[in-house]
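S.K.:
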Amino acid sequence: MLETDLAEKFAAYAEAHLPGARNARVDSIHRIHGGASRQTYSIDLAYEDATGPKVKGLILRRDPPDSLIDTERRVEFAAIKSAYGQRDLPVPEALFLETDQAALGAPFFVMGRIESGEPLNPFRIDTVEPHRAAIGEQFFRHLGSIAALEVEGSALAAETETPAADQCWRRELDYWTNEIRENALTPQPVAEAAIRHLERHPPPPAQRLSIVHGDYRTGNYLQDGEGRMTAILDWEMAHIGDPYEDLAWATDLLWCGNDQERAAGLLPWPEAIAVWQEASGCTFDPAAFEWWSLFAHVKALGIWVTSEKAFAKGENDDPILAWSGWFTHAAHELMLAMRLGPKYGAGA
Amino acid sequence: MSDIGMILDRIGRKLVTEVAPKLEGDYSGGHAAMSGLMSVMAGEAWDNAADRLVNEIAGLRGLLALGGKAVTVEASPGVKISDLTVERDALARDLIALQESLEAREDDEARDLNAKIWMHLMATAMARMPSPPDFPDAEE
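Chains as they are written, first to last, in our numbering: chain A, 22 to 369; chain B, 95 to 234.
#1: Rounded to whole angstroms, what's the CA-CA distance from methionine 356/A to threonine 61/A? Just pull it up for me.
#2: Would you decide whether histidine 83/A is buried or exposed? Buried here means 16 or more other CB atoms lie within 10 Å of its CB.
#3: May I ask you to list the residues that DSSP assigns as paired with valine 47/A?
#4: Express the C-alpha separation of glutamate 336/A and glycine 346/A in angstroms, rounding to a whole number.
#5: Taking the alpha helix (DSSP H) that phenylalanine 31/A belongs to, which residues open and close that run?
#6: Is the segment 70-81 of chain A touching the segment 239-246 of chain A, taking contact as three or more C-beta pairs under 8 Å?
#7: From this set, Gly323/A, Leu110/A and Phe332/A, which residue's C-alpha is nearest arginine 249/A's C-alpha?
#8: For threonine 198/A and asparagine 204/A, what's the separation of their Cα atoms in angstroms?
#9: Can you find a C-beta in chain B that's less than 8 Å from the C-beta of tryptophan 347/A?
#10: Counting only runs that start and end within the segment 124-211 of chain B, where is the alpha helix (DSSP H) found for 4 or more residues in a row?
#11: To the nearest angstrom, report how far apart aspartate 121/A and asparagine 142/A are at their CA atoms.
#12: Apart from the five residues on each side of it in sequence, which residues of its chain come closer than 6 Å, Cβ to Cβ, to glutamate 24/A?
#13: If you follow the beta strand (DSSP E) that leucine 75/A is in, where does it begin and where does it stop?
#14: Report the CB separation of phenylalanine 305/A from alanine 269/A in whole angstroms; it is logged as a contact under 8 Å.
#15: Does asparagine 208/B come within less than 8 Å of chain A when only Cβ atoms are used?
#16: Taking Cβ-Cβ distances below 7 Å as the criterion, which residues of the segment 202-228 of chain A are in contact with chain B?
#17: Beta carbons nearer than 7 Å to chain B: which residues of the segment 309-323 of chain A have them?
#18: What is the DSSP secondary structure of valine 131/A, counted as helix, strand or coil?
#19: Quick check on DSSP: helix, strand or coil for leucine 89/A?
#20: Taking only beta-carbon atoms, is isoleucine 341/A less than 8 Å away from chain B?
#21: I want to verify the contact list: residues of chain B whose CB lies under 7 Å from the CB of alanine 352/A, in sequence order.
#22: In or out: aspartate 26/A buried (at least 16 other Cβ within 10 Å) or exposed?
#23: At a CB-CB cut-off below 7 Å, which residues of chain B make contact with arginine 283/A?
#24: Between the C-alpha atoms of glutamine 209/A and aspartate 183/B, what's the straight-line distance to the nearest angstrom?
#25: Please report the Cβ distance between histidine 234/A and tryptophan 312/A, rounded to the nearest whole angstrom; I am assuming they are in contact, meaning their Cβ atoms lie under 8 Å.
#26: Taking only beta-carbon atoms, is arginine 187/B less than 8 Å away from chain A?
#27: Kindly identify the DSSP beta-bridge partner or partners of glutamate 139/A.
#28: Relative to the ligand GTP, is the shortest distance from any of its heavy atoms to the C-beta of tyrosine 62/A smaller than 7 Å?
#29: So what does threonine 120/A bridge to, in DSSP terms?
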């Protein structure tokens, strides 16, 4: 669908769904790069209501035409709803979820656009200076706040299963193991050995059941260049589980600009952990963190082999998927091999 | 015969430093930059691919022999990357099975061979890791 067609159809949809709206039109629309799993558009919607003319900034997240990810869309929408307005979390307002393809040719959801901020490139994390510490403090405080959100009664709990505290790890490991085995185009001896290692050495049960963002990392938040995190984005892998999953993913070496002294490349480790503990109410457990940080590499490999397959099969020709299947896959495979090899007697 | 690695490198640098900046703000600008980056990486990989695969295959065959496994995977008819990849993948499947069987044992021989397998996996992972392309012109 051309963007002009999309704009006309979206204006008609918005007018029908915004209470009291009339004469709706799209003043501007442009596709945002990244987020290959969904087509993401920034839209200025002009309309009138009883109080006069208005212009509203919106983000439209539309499934690709051949998408089979209905569940994930519902989950992402529910996760954003669960976090919006809670504990000072900078989360956009979830506005519409449309599962019918008739309106825009594919299911979609719409959220309010947060007007300030740009994503920070995890491979050029130094550009955050001189606000590294300020962003780091907010990064770990918001991460802890997400872990502390009430699960029971949340929109997310209504869309997903809540595992037992001692089964969070099992469910996630099974899911990503299956993703790797279903989608890898070549044998994955490092991933397979890591999966067996994680099965033989399970983590302690979750200290609490939490909303897990699922992809909380540098690259998936906006910051305004003046030391303020303005939005937490990309909730499509959200679920209920062990908050250590998010802590380990957020501090994975790939997102740290190769900075091992600072957690997530942002804050010295002791400070980061202290902020996270205070906000989450959890107590840092090195054994749990070790397991979940190894798991983060396996989960990453699951994402990268799936991306590679989608690109190789022509299901999605966004070059970011080829990059994921090549560079980031190689990076995580190397991290896993270098961490696990010495545990089995191989010299580093 | 032209130097394919050089061609891919030069095309990639042109995409990143000249084409992508002209498309800034357009969705295709991101595609151009990413394609250029990977073209440079492909230039490097082109040169190394056969050498890397031959080394991986030799390592795999050696480990499977140490494990006493009868290897039925035939050697590639030549050094085409696609042929070598088929051979490497078949051997890698056998290696996964061998390593799993070693992990079920607790004797020194099994531990020693498992350590050798991990050495191979570490070396292979290092060899597969592309160098991050450097674009000083584009970053100015």
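We put the CB at the ideal spot given by N, CA and C, even for glycine.
Computed from a predicted structure; not experimentally measured.
M.R.: So, from the data block:
#1: Taking the first residue of the first sequence as position 1, residue 356/A is located at position 335. Taking the first residue of the first sequence as position 1, residue 61/A is located at position 40. Each residue's alpha carbon lies about 31 Å from the other.
#2: Locating residue 83/A in the first sequence gives position 62, counting from the first residue. In the sequence on display, residue 83/A carries arginine and not histidine. With 16 or more Cβ atoms within 10 Å of its Cβ, arginine 83/A is classed as buried.
#3: What you label residue 47/A is simply residue 26 of the first sequence in a count that begins at 1. BP columns for valine 47/A point to Leu66/A.
#4: The count along the first sequence starts at 1 and reaches residue 346/A at position 325. The count along the first sequence starts at 1 and reaches residue 336/A at position 315. The straight-line gap from Cα to Cα measures roughly 14 Å.
#5: One-based indexing of the first sequence puts residue 31/A at position 10. Segment 24-38, the alpha helix (DSSP H) holding phenylalanine 31/A.
#6: no
#7: Position 228 of the first sequence holds residue 249/A. For arginine 249/A, the nearest C-alpha among the options comes from Leu110/A.
#8: Looking up residue 198/A in the first sequence gives position 177. Looking up residue 204/A in the first sequence gives position 183. Rounded to the nearest angstrom, the two C-alpha atoms are 10 Å apart.
#9: The sequence position of residue 347/A within the first sequence is 326, counting from 1. Taking Cβ atoms only, chain B reaches closer than 8 Å to tryptophan 347/A, which makes this a yes.
#10: 175-197
#11: Indexing the first sequence from 1 puts residue 121/A at position 100. Indexing the first sequence from 1 puts residue 142/A at position 121. Roughly 35 Å between the two C-alpha positions.
#12: Residue 24/A sits at position 3 when you count from the first residue of the first sequence. Hits under 6 Å: Ile50.
#13: Within the first sequence, numbered from 1, the residue matching residue 75/A stands at position 54. In the sequence under discussion, the amino acid at residue 75/A is lysine, which differs from the leucine named in the question. Start and end: 73-83.
#14: Residue 305/A sits at position 284 when you count from the first residue of the first sequence. Residue 269/A sits at position 248 when you count from the first residue of the first sequence. With a Cβ gap of about 12 Å, phenylalanine 305/A and alanine 269/A do not count as contacting.
#15: Counted from its first residue, the second sequence places residue 208/B at position 114. Closer than 8 Å to some Cβ of chain A, the Cβ of asparagine 208/B qualifies, so yes.
#16: Thr207, Pro208, Pro210, Val211, Glu213, Ala214 and Arg217
#17: none
#18: For the purposes of this step, residue 131/A is taken as the residue at position 110 of the first sequence. Strand at valine 131/A.
#19: Taking the first sequence and counting its residues from 1, the one referred to as residue 89/A is at position 68. Only weak support exists for where leucine 89/A lies, its pLDDT of 45 falling under 50; the value from the coordinates is given anyway. Coil at leucine 89/A, not helix or strand.
#20: Reading the first sequence from its first residue, position 320 is the one you call residue 341/A. Taking Cβ atoms only, chain B reaches closer than 8 Å to isoleucine 341/A, which makes this a yes.
#21: Within the first sequence, the letter at position 331 stands for residue 352/A. Those are Met223, listed as they occur along chain B.
#22: Translated into positions along the first sequence, residue 26/A becomes position 5. The residue is exposed, with fewer than 16 neighbouring Cβ atoms inside 10 Å.
#23: To locate residue 283/A, count along the first sequence from 1; it is residue 262. Simply none; closest approach about 20 Å.
#24: Start at 1 with the first residue of the first sequence, and residue 209/A comes out as number 188. Start at 1 with the first residue of the second sequence, and residue 183/B comes out as number 89. Between glutamine 209/A and aspartate 183/B, the C-alpha separation is close to 9 Å.
#25: As a first step, residue 234/A must be located in the first sequence, where it is residue number 213. As a first step, residue 312/A must be located in the first sequence, where it is residue number 291. Their Cβ separation, rounded to whole angstroms, is 19 Å, which puts histidine 234/A and tryptophan 312/A out of contact at 8 Å.
#26: Taking the second sequence and counting its residues from 1, one reaches residue 187/B at position 93. It does: the Cβ of arginine 187/B has a partner Cβ on chain A nearer than 8 Å.
#27: If you number the first sequence from 1, residue 139/A lands on position 118. Looking at the DSSP assignment, glutamate 139/A forms a beta bridge with Gln244/A.
#28: Absence of the ligand GTP from the depicted structure is noted, as is the absence of any ligand whatsoever, leaving it without description.
#29: Within the first sequence, numbered from 1, the residue matching residue 120/A stands at position 99. Paired residues: none, contrary to the question.
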